[in-house]
Amino acid sequence: MITQLFQNIITFLTSLYNLLFPQTPTFYHETAPCTALLQETTLTKRALPNRRLITAFGIENAFTTISPQIHQNFLNKVSALLEKSNNDISRRFLAADALRIGQEYIERSPSPIVSLSKLVQVVVFRTVLTIFFPHVAKGFTEDGLLKDIDVKIISAQINKLWYDSKDPWKVFAAQYGPRRWSSIMREREILLERLELQFPWYRTYLPQRNPLNILVPAHQGLWGVVLRCLIEVRFRSQGERRREWMELFRWFLGEPTEAWHRGNEKGLEVQMIVAETLRLYPPTKRMYIQQEDGRLDAVDIEKMHRVGERWGDDPLVFRPERWVEIGLDVVGTDCYMPFGRKVGVEGDGKADTVSQCPSRLRGGPKLIAVIVGALLELLDEEWELEDGWDMKDDIFDGEPLRSGKDAYESLGLWRRHIQPFEILD
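Position one of the sequence shown corresponds to residue 202 (this note's numbering), numbered consecutively onward.
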């Protein structure tokens with residue numbers, strides 16, 4: 202008991218020291234050093250910087266564990282579930298389901314203006330449930346336990362906790378302070394109360410059985426990419442370009458496998474639009490690696506995707522046509538790493554699954570196209586984007602769309618034949 206107390210004191214003092222004297226990461230964005238760092242990543246090197254997620258969500262998954270068995274079990278489960286939806290029949294079903302979910306959500310809205318970010322979050326979250334927790338998705342009805350408000354709260358709490366976990370002071374307060382003083386613990390309790398509606402034994406689960414192990418990375422990594430792709434294709438583009446891009450998504454929803462590589466008369470493919478989205482807005486902007494000697498390295502994927510001659514003269518512009526004009530290849534372009542370590546990079550084997558996202562090989566990019574395509578079908582030409590109250594949400598400023606906890610929450614959708622008056626969640 203004395204030994205454990207001594208260890209707890211040492212842990213507390215170490216955490217306090219790290220809080221007062223934070224370590225400055227060394228950032229890399231060049232292809233060669235980034236590839237080397239990812240190739241040499243181990244479970245421990247990856248898990249240490251992600252301990253914040255354990256505090257925020259109580260999870261133990263492939264991103265936070267140092268156990269090879271838990272890591273492999275998680276990957277096996279996720280890969281098997283992704284594989285079930287990695288076919289044309291499943292993609293058509295997911296697209297139709299996403300369209301239905303969006304339509305019903307809009308119809309139930311008490312206001313003629315619908316929050317764009319909330320619409321995307323609801324559609325993405327319920328799609329994630331369909332893929333990874335089908336028994337929960339099947340029981341979802343407005344007369345059932347889980348309603349729109351629950352989905353919006355769960356999604357919002359995941360988003361808040363994700364960003365709060367990046368604040369070292371908030372994490373420290375959650376670890377060592379009274380629960381009532383910790384914003385993370387308060388937000389987490391709200392999340393747990395909603396999750397228990399569909400996972401009633403949630404609080405008795407072991408960390409590795411926590412449904413948030415899957416919900417957090419799947420939803421948080423997916424909805425932001427879908428939102429930005431939708432804004433770029435449907436609202437930022439104009440005229441003929443918009444029509445061309447939307448037509449490619451229609452082709453894809455009709456024949457997902459064949460149309461994925463089918464180009465229009467200009468050679469542009471729907472996969473290039475998705476690739477350009479992932480280039481400019483990667484789901485993970487930086488991957489942190491804690492070295493054995495104490496150094497903290499960071500692979501800056503966002504910067505890698507936004508600088509360098511490889512991307513032409515306008516790397517900060519969303520322009521899928523660059524993949525045709527410059528002859529870029531989604532698999533072969535070495536400075537394109539939205540899912541972590543490149544597939545096929547030779548190494549010693551230990552990092553094959555540590556620094557690679559399993560969705561890359563099992564339909565992740567196509568799932569983005571499925572949801573975006575469904576939302577494009579839903580938001581026809583009658584829909585307009587209402588400028589929000591937050592000036593930071595200006596999508597026509599010529600800059601890349603911003604990220605952050607509150608990004609684009611103030612944007613609303615309304616039909617031209619209906620007079621808008623306010624945005625309601």
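Note that the Cβ used here is the ideal one computed from N, Cα and C, for glycine as well.
Range covered by the alpha helix (DSSP H) that runs through residue i
| i | result |
| --- | --- |
| residue 270 | 269-285 |
| residue 294 | 289-309 |
| residue 363 | 349-365 |
| residue 242 | It is not in any alpha helix (DSSP H) - residue 242 carries neither H nor E in the DSSP assignment. |
| residue 568 | 565-579 |
| residue 370 | 369-377 |
| residue 390 | 384-396 |
| residue 217 | 203-221 |
| residue 600 | Counting along the chain, residue 600 falls outside any alpha helix (DSSP H), and DSSP gives it neither H nor E. |
| residue 402 | From DSSP, residue 402 is part of no alpha helix (DSSP H); its letter is neither H nor E. |
| residue 407 | That residue, residue 407, is in no alpha helix (DSSP H); it is neither H nor E in DSSP. |
| residue 448 | 440-455 |
| residue 431 | 413-431 |
| residue 337 | 335-339 |
| residue 258 | 252-258 |
Buried versus exposed, by CB contacts within 10 Å (16 or more), residue i
| i | result |
| --- | --- |
| residue 287 | buried |
| residue 552 | Reliability fails at residue 552, whose pLDDT of 43 lies under 50, so the model's placement of it is uncertain and the value that follows must be treated cautiously. It is buried - the Cβ of residue 552 has at least 16 other Cβ atoms within 10 Å. |
| residue 254 | buried |
| residue 218 | exposed |
| residue 545 | In this prediction, residue 545 has a pLDDT of 49, which is less than 50 and means its spatial position is unreliable; what the coordinates show is noted afterwards. So residue 545 ends up on the exposed side. |
| residue 593 | exposed |
| residue 262 | buried |
| residue 419 | buried |
| residue 411 | buried |
| residue 370 | exposed |
| residue 462 | exposed |
| residue 303 | buried |
| residue 281 | exposed |
| residue 567 | buried |
| residue 415 | buried |
| residue 574 | buried |
| residue 153 | Residue 153 lies beyond the residue range present for the chain, which begins at 202 and ends at 626; the question has no answer from this structure. |
| residue 380 | exposed |
| residue 236 | buried |
| residue 269 | exposed |
| residue 327 | buried |
Minimum C-alpha distance to residue i - residue among the options
| i | options | result |
| --- | --- | --- |
| residue 396 | 251, 588, 580, 351 | 351 |
| residue 289 | 222, 430, 452 | 452 |
| residue 361 | 388, 370, 381, 267 | 388 |
| residue 394 | 508, 600, 354 | 354 |
| residue 460 | 466, 472, 467 | 472 |
| residue 533 | 232, 208, 225 | 232 |
| residue 569 | 377, 230, 293, 222 | 293 |
| residue 349 | 281, 325, 204, 469 | 325 |
| residue 318 | 376, 428, 506 | 428 |
| residue 384 | 256, 230, 265, 484 | 256 |
| residue 495 | 207, 557, 223 | 223 |
| residue 493 | 297, 246, 214, 221 | 246 |
| residue 588 | 447, 437, 205 | 437 |
| residue 216 | 305, 367, 376 | 376 |
| residue 431 | 210, 602, 279 | 602 |
For residue j and residue i, believed in contact at Cβ under 8 Å, the rounded distance
| i | j | result |
| --- | --- | --- |
| residue 520 | residue 529 | 11 Å between Cβ atoms; not a contact. |
| residue 615 | residue 313 | 6 Å |
| residue 560 | residue 283 | 6 Å |
| residue 228 | residue 499 | 5 Å |
| residue 329 | residue 423 | 7 Å |
| residue 501 | residue 487 | 5 Å |
| residue 359 | residue 392 | 7 Å |
| residue 604 | residue 425 | 7 Å |
| residue 300 | residue 517 | So it is not a contact: roughly 32 Å between Cβ atoms. |
| residue 541 | residue 239 | 6 Å |
| residue 315 | residue 564 | At roughly 28 Å, the Cβ-Cβ gap does not stay under 8 Å, so residue 315 and residue 564 are not in contact. |
| residue 421 | residue 363 | 5 Å |
| residue 258 | residue 417 | 6 Å |
| residue 434 | residue 474 | 7 Å |
| residue 525 | residue 469 | 6 Å |
| residue 244 | residue 555 | 6 Å |
| residue 164 | residue 271 | The structure shown does not extend to residue 164, since the chain spans only 202 to 626, so no value can be given for it. |
| residue 251 | residue 265 | 5 Å |
| residue 373 | residue 220 | 5 Å |
| residue 365 | residue 331 | The pair is not a contact, with the Cβ atoms about 28 Å apart (cut-off 8 Å). |
Residue span of the beta strand (DSSP E) that contains residue i, given as start and end
| i | result |
| --- | --- |
| residue 315 | 314-316 |
| residue 227 | 227-229 |
| residue 185 | Not covered by the structure: residue 185. The range shown for the chain is 202 to 626. |
| residue 586 | 584-587 |
Any chain C beta carbon closer than 8 Å to residue i
| i | result |
| --- | --- |
| residue 285 | Absent here is chain C; the protein component of the structure consists of one chain. |
Every unbroken beta strand (DSSP E) inside the stretch 459-544 [3 residues or more]:
Along the length of the stretch 459-544, whole beta strand (DSSP E) runs at least 3 residues long occupy 487-491, 497-501, reported in chain order.
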